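Data first, discussion second: the structure below is written as structure tokens.
Numbering (the working numbering), first residue to last: 118 to 289.
Below is the structure:
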């Protein structure tokens, strides 16, 4: 009897740990899935007189890629994003998250700008509305303006082909 309680506690902890190890640490749940995408309505990085207003994007499936110049995985994914979004005709918009405009513009000039427009989110408020945990993150937005999928981490050719494009095709 004396050893029963410690044994039960140990077994409970072992089961909890075992279940936790089976989960993908990059698979962060999003409360936004199947809900309307939060408003962005922020100035564009290359033209502050224009704004990224997601209400204007209704009627089409599009992607929002959250990025920053200080993010090395963002730098790595941009050339592939440019090629893949152009090749497959998927509208891709950016959200420049908690960044300074000078370094952000310099990065896009250096590696190539994959975005139709990139909104400035210097204070991170739009990112918080989307539930961004870090960069890069990519959201699939359907024609009704609802968030349908969230990918955490860089978009590779494989992620594009095996995850994002099947979702985009199913929504068109």
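Cβ coordinates follow ideal geometry from the N, Cα and C atoms, glycine included. For clarity, every value in this text was computed on a predicted model and none was experimentally measured.
Open item on the list: Which residue marks the beginning of the beta strand (DSSP E) containing residue 265, and which one marks its end?
Closed with: 264 to 269
TODO: Could you check what DSSP says for residue 202 in three-state terms: helix, strand or coil?
DONE: helix
TODO: For the beta strand (DSSP E) holding residue 150, just list the boundary residues, first then last.
DONE: Unbroken run through residue 150: none, as it is neither H nor E.
Task: Runs of beta strand (DSSP E) lying entirely within the stretch 183 to 231, each at least 3 residues, in chain order - done: 209 to 214
Task: CB contact flag (residue 247, residue 162, <8 Å) - done: no
Task: DSSP-derived helix/strand/coil call for residue 234 - done: strand
Task: Strand pairing of residue 127, partner residues [DSSP] - done: According to DSSP, residue 127 bridges with nothing at all.
Task: Cα-Cα separation, residue 233 to residue 209 - done: 6 Å
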